[in-house]
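For the sequence shown, position 868 (counting from the first letter as 1) is numbered 874 according to this note's numbering, and the numbering increases by one without interruption. Just so you know, even glycine gets a beta-carbon here, dropped at the ideal spot from N, CA and C. Here the structure is a predicted model, which means the values were calculated and not measured.
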Amino acid sequence: MSNLSNFLKPKSVAVIGASIKPLRAGNIVMKNLLQGGFNGAIMPVTPKYSSVCGVLAYPSIDSLPIIPDVAVLCTNASRNISLFQQLAEKGVKSVIVLSSDMHFLGIDEIELQDTCLAIARDAGMRVLGPNSLGMILPWHNFNASFSPVTAQAGQIAFISQSAAMCTTILDWANDKNIGFSAFISLGNAIDIDFADLLDYLSTDSHTQAILLYVDTIKDARRFMSAARAASRNRRILVLKGGRTQAGRLAAKAHTGGNDTLDLIYDSAIRRTGMLRVNNSHELFAAVETLTHSVPLRGERLAIITNGGGPAIMAVDTLLERGGKLAQLDEELMEKLSEELPTSWSHNNPIDMMGDADHSRYVATINALMDSDCADAILIMHSPSAIALSEETAQAIVDAVHAHPRKKRFNILTNWSGELTAKPARQIFTQAGIPTYRTPESAVVAFMHLVEYRRNQKQLMETPTTAEPVHVSELQSAKKWVEEKLLDKYTVNLDTHQIGHFLTSFNFKILPTWIASDSSEAVHIAEEIGYPVAVKLRSPDIPHKSDVQGVMLNLRNSNEVAAASQAILDRTQLSFPSAHIHGLLVQGMAKLAGGEELRIKVKSDETFGPIILLGQGGSEWDEALDAASALPPLNMTLARYLIIRAIKGGKIRPQKLPEPMDIDGLSEVLVRISQMIVNCPQVHELDIHPLLANGKEFTIIDADLTLRRYTGDAQQRLAIRPYPSEYEEETQLKSGEIVMIRPILPEDEPLHAGFIHNVSKEDLYKRFFTEIGEFNHEALANLTQIDYDREMAFVAVRQSIDGNQIIGVSRALINHDNTDAEFAILIRSDLKGCGLGKILMSKIITYCQAKGTLQMSGMTMPTNRGMLMLAQSLGFKLEVSFEDGTADMVLPMTEHSSDSN
Numbered sequence: 007m008s009n010l011s012n013f014l015k016p017k018s019v020a021v022i023g024a025s026i027k028p029l030r031a032g033n034i035v036m037k038n039l040l041q042g043g044f045n046g047a048i049m050p051v052t053p054k055y056s057s058v059c060g061v062l063a064y065p066s067i068d069s070l071p072i073i074p075d076v077a078v079l080c081t082n083a084s085r086n087i088s089l090f091q092q093l094a095e096k097g098v099k100s101v102i103v104l105s106s107d108m109h110f111l112g113i114d115e116i117e118l119q120d121t122c123l124a125i126a127r128d129a130g131m132r133v134l135g136p137n138s139l140g141m142i143l144p145w146h147n148f149n150a151s152f153s154p155v156t157a158q159a160g161q162i163a164f165i166s167q168s169a170a171m172c173t174t175i176l177d178w179a180n181d182k183n184i185g186f187s188a189f190i191s192l193g194n195a196i197d198i199d200f201a202d203l204l205d206y207l208s209t210d211s212h213t214q215a216i217l218l219y220v221d222t223i224k225d226a227r228r229f230m231s232a233a234r235a236a237s238r239n240r241r242i243l244v245l246k247g248g249r250t251q252a253g254r255l256a257a258k259a260h261t262g263g264n265d266t267l268d269l270i271y272d273s274a275i276r277r278t279g280m281l282r283v284n285n286s287h288e289l290f291a292a293v294e295t296l297t298h299s300v301p302l303r304g305e306r307l308a309i310i311t312n313g314g315g316p317a318i319m320a321v322d323t324l325l326e327r328g329g330k331l332a333q334l335d336e337e338l339m340e341k342l343s344e345e346l347p348t349s350w351s352h353n354n355p356i357d358m359m360g361d362a363d364h365s366r367y368v369a370t371i372n373a374l375m376d377s378d379c380a381d382a383i384l385i386m387h388s389p390s391a392i393a394l395s396e397e398t399a400q401a402i403v404d405a406v407h408a409h410p411r412k413k414r415f416n417i418l419t420n421w422s423g424e425l426t427a428k429p430a431r432q433i434f435t436q437a438g439i440p441t442y443r444t445p446e447s448a449v450v451a452f453m454h455l456v457e458y459r460r461n462q463k464q465l466m467e468t469p470t471t472a473e474p475v476h477v478s479e480l481q482s483a484k485k486w487v488e489e490k491l492l493d494k495y496t497v498n499l500d501t502h503q504i505g506h507f508l509t510s511f512n513f514k515i516l517p518t519w520i521a522s523d524s525s526e527a528v529h530i531a532e533e534i535g536y537p538v539a540v541k542l543r544s545p546d547i548p549h550k551s552d553v554q555g556v557m558l559n560l561r562n563s564n565e566v567a568a569a570s571q572a573i574l575d576r577t578q579l580s581f582p583s584a585h586i587h588g589l590l591v592q593g594m595a596k597l598a599g600g601e602e603l604r605i606k607v608k609s610d611e612t613f614g615p616i617i618l619l620g621q622g623g624s625e626w627d628e629a630l631d632a633a634s635a636l637p638p639l640n641m642t643l644a645r646y647l648i649i650r651a652i653k654g655g656k657i658r659p660q661k662l663p664e665p666m667d668i669d670g671l672s673e674v675l676v677r678i679s680q681m682i683v684n685c686p687q688v689h690e691l692d693i694h695p696l697l698a699n700g701k702e703f704t705i706i707d708a709d710l711t712l713r714r715y716t717g718d719a720q721q722r723l724a725i726r727p728y729p730s731e732y733e734e735e736t737q738l739k740s741g742e743i744v745m746i747r748p749i750l751p752e753d754e755p756l757h758a759g760f761i762h763n764v765s766k767e768d769l770y771k772r773f774f775t776e777i778g779e780f781n782h783e784a785l786a787n788l789t790q791i792d793y794d795r796e797m798a799f800v801a802v803r804q805s806i807d808g809n810q811i812i813g814v815s816r817a818l819i820n821h822d823n824t825d826a827e828f829a830i831l832i833r834s835d836l837k838g839c840g841l842g843k844i845l846m847s848k849i850i851t852y853c854q855a856k857g858t859l860q861m862s863g864m865t866m867p868t869n870r871g872m873l874m875l876a877q878s879l880g881f882k883l884e885v886s887f888e889d890g891t892a893d894m895v896l897p898m899t900e901h902s903s904d905s906n
């Protein structure tokens, strides 16, 4: 499919179904285009009228004098198949479909939508919609929408699945004088979706921040890849509808998609470095903050106020959301005491008292900005006869802008009230200082900055990993799975049956035996020793607690016999038709001093396998009582999951002599992730409970559902895991054996060492600029790659000092897979050993397998070694000594035929 440059930078537009009748879509779109001042060709298409809105009309698509960059279909859906065929024949590459009646669930309507999409794909035509409000591109004066409100030019892009949210946001933004770089209504997104637009807008010079309104995601892998890449370059906010089950069903009816738990979306958004807001009010507040704020340096908030009550509400909101109050040092306290009355609060919040005038505000602000006690300042004002609202606001604006350290602080204001406060809030808005009506909304807005900073930090944090599963144990586990699924599509297994599988991944399992009746249970108990636990074994009763099916701490044969028979009797009485597969007998685990947890793996239709973590219990509701994460996990990501579960109250750690070891639990979660990645047949795994005793973790009970899986096992994962299939050993000219493998996030220290061994001259040839020390963020960008759209192969050799990276080749593939930008760098003291050709051949083979159309790169004309290598591998060279560049292009189809 083609890219979106013509679509988002149009020079001509055709309005199909243009009309002179007011309130018709074809009339509103024409008026919006004309009133917006679009300088390109506007061509109404209708056989009914000779002109529309004073513009000459054309009777049919084939009569258009030029091929429009964009066609807007303002027609009834019943005509769309014919119109799509005509647009394809004309060579139109972009179409916006406004009609909403292509999405109904009747067979005819589904066929209509699919047929139109097939025509578009065959013709290389991109489709926005159907059920789209249209698109507004203010920097191009292009309003191809039927919105009653237009958009000002600005630096925020808004992409929405809801047309109603579009008009709501527009109305609010115009009141706040906030502009947009693009305003796009996706509708049902049968073709152009969030991923396409994130790819484009993340490199758009007019776009500094991106807002998304999401009902449902259809292609999780594409969304995650695009969002992760975009969030490294732009601030992205997400408002996700459908937090409740009823809301999810409404979202599904609105735009299609699957019924995915809200906490899974929450994990996905967090994992990509974006920021989620919970409602439209928070979205407005977050836009206000992110539009006007400098990047947050830290999380310490100082509060200045003329009223104690509102400040208390601000502090409560801050601490409830996990924020930090700044601590005032002695020097600042002394300075404030000189400026403020003796009755001031002598603490943060800094209560200047109700008689504070504008000069007291200015003195307090200057004192705070002169110190290093805070990273952000919230200035609060309650209506006062002494501190006049507008006069005080202007004085604060002047003081902040005049201070030499203003770029070190995030300034937020809360001007409470309506009639008297509104003009003051307008002063702050015009000055570029975020302002809010209530203390709570101001603090929530600040916490958006904090949470965004935390998500970005998590995105860039250097991970560690647990020990990999041994090859022989992994092969044993895979063989076991295949044997269990022999001649079956699905199989459900319990604790007794899955012990071998779990121990292959180094889990500790409480030994379990099966008894057919109470007498056999007594016999087993005598063998293993008391105390024991006896549990019901029935596939038809998911919750053993429904029949008191778990009896613990049985200390002799009489107790075992009585408990076993009672379980069987209760089951037959309450569930007479249930299949009973006997009883499980276990030695009692050391419950005293332990923490019981629940870990569940489930397969979501959209995001694939998900890991859920919580406290567990018989009333466990995964939608409410769990935190979730998407595999693959490393130790860092696993730790984040645990901390999030604790902070969210999903795990409530007890005060124990030996507290639960977070690193140990992280390792358990990483091994579960390894299981998911390596065994695609694991459809569901429910560990209930996992007993945590300090650093020891024991699986007491577990249920496993295996399901036959065919195709690419990694394709089911929302995030492409490390592609171990590309690992290989190779020999250099010197005879030395090196490992060629994909780069790992954990390679950051090795990569820093590698860069240190590359000369400044070679770095200049690679990056076209003087390179100093690579900081953590730069190294994270080089090592934490998205394997779905980018690849870096490193050559690693072993030395007495440990592993060393000695060379790297990269390919960054564009979103439509037409071009891969490549680069290669070899340690300066190891040139001439044949490593360059090995790494280049590796990256070429990779791009061939991906189906990329061509590879391209750039170097300097003086880099003869690179040019000779590229030429020997079939690259076409174009050297420009005047520009100081040499372009290298390898058409992959030609290379493939030459190599056969």
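Query	Result
Among Asp-128, Glu-397, Ala-527, Trp-486, nearest to Phe-90 - alpha-carbon criterion	Asp-128
Burial state of Gly-328, where buried means 16 or more other Cβ atoms lie within 10 Å	exposed
Best match in Glu-446, Tyr-55, Lys-17 for proximity to Leu-39 [C-alpha to C-alpha]	Lys-17
Per-residue DSSP class, three states only, for Gln-860	strand
Cα-Cα separation between Arg-132 and Ala-195, rounded to whole angstroms	11 Å
For Leu-647 and Leu-675, believed in contact at Cβ under 8 Å, the rounded distance	6 Å
Arg-306, DSSP secondary structure in three states	strand
Entirely enclosed beta strand (DSSP E) segments - the segment 300-369, minimum 3 residues	306-311
Where Arg-604 sits in the DSSP three-state scheme	strand
DSSP-derived helix/strand/coil call for Lys-550	helix
Boundaries (first-last residue) of the alpha helix (DSSP H) holding Asp-268	268-277
Beta-carbon spacing of Asp-357, Ala-393 below 8 Å	no
Buried/exposed call for Cys-655, threshold 16 Cβ in 10 Å	The question names Cys, but residue 655 is Gly in the sequence shown. Result: exposed.
Among Val-744, Glu-526, Pro-301, nearest to Thr-736 - alpha-carbon criterion	Val-744
Start-to-end residues for the alpha helix (DSSP H) that takes in Ser-478	477-490
Reduced DSSP secondary structure (H/G/I, E/B, other) of Pro-897	strand
Identity of the residue in Glu-731, Ile-682, Asp-575 nearest Leu-618 by Cα	Ile-682
Continuous alpha helix (DSSP H) stretch holding Tyr-770: start and end	766-773
Arg-277 and Asn-787 closer than 8 Å at C-beta	no
Cβ-Cβ separation, Cys-379 to Leu-325 (assumed contact under 8 Å), whole Å	No, Leu-325 and Cys-379 are not in contact; Cβ-Cβ is about 18 Å, not under 8 Å.
Proximity to Glu-397 [Cα-Cα], best of Leu-374, Gly-423, Tyr-367	Tyr-367
Residue from Arg-543, Pro-615, Phe-434 with nearest C-alpha to His-585	Arg-543
Distance CB(Ala-829)-CB(Ile-812) smaller than 8 Å	no
Inter-stretch contact at 8 Å, needing at least 3 Cβ pairs: the segment 155-173 / the segment 45-64	no
Euclidean distance between Cα positions of Leu-3 and Asp-361	Past the edges of the chain, shown from 7 to 906, lies residue 3, and the structure says nothing about it.
Pairwise C-alpha distance: Pro-50 and Leu-93	14 Å
Proximity winner among Ala-651, Asp-265, Leu-558, relative to Asn-605 (alpha-carbon distances)	With the sequence shown as reference, residue 605 is identified as Ile, and Asn is not the correct amino acid for it. Residue Ala-651 is the option with its Cα nearest to Ile-605.
Ala-169 beta carbon less than 8 Å from that of Leu-204	no
Beta-carbon proximity of Arg-227 to Ala-724, cut-off 8 Å	yes
Assigned exposure category for Glu-117 - 16 Cβ within 10 Å defines buried	exposed
Closest residue to Ser-25 among Gly-717, Ala-63, His-387 (Cα-Cα distance)	Ala-63
Any non-hydrogen atom of the ligand MG closer than 7 Å to Gly-328 Cβ	Only the bare structure without any ligand can be found here, which leaves the ligand MG out of the picture.
Endpoints, the alpha helix (DSSP H) within which Asn-511 is located	Asn is not the amino acid found at residue 511; the sequence shown has Phe there. Careful: Phe-511 lies outside any alpha helix (DSSP H) and carries neither H nor E.
Three-state secondary structure assigned by DSSP to Gly-23	coil
Residues near Thr-209 by beta carbon distance below 8 Å, same chain, minus five either side	Asn-239
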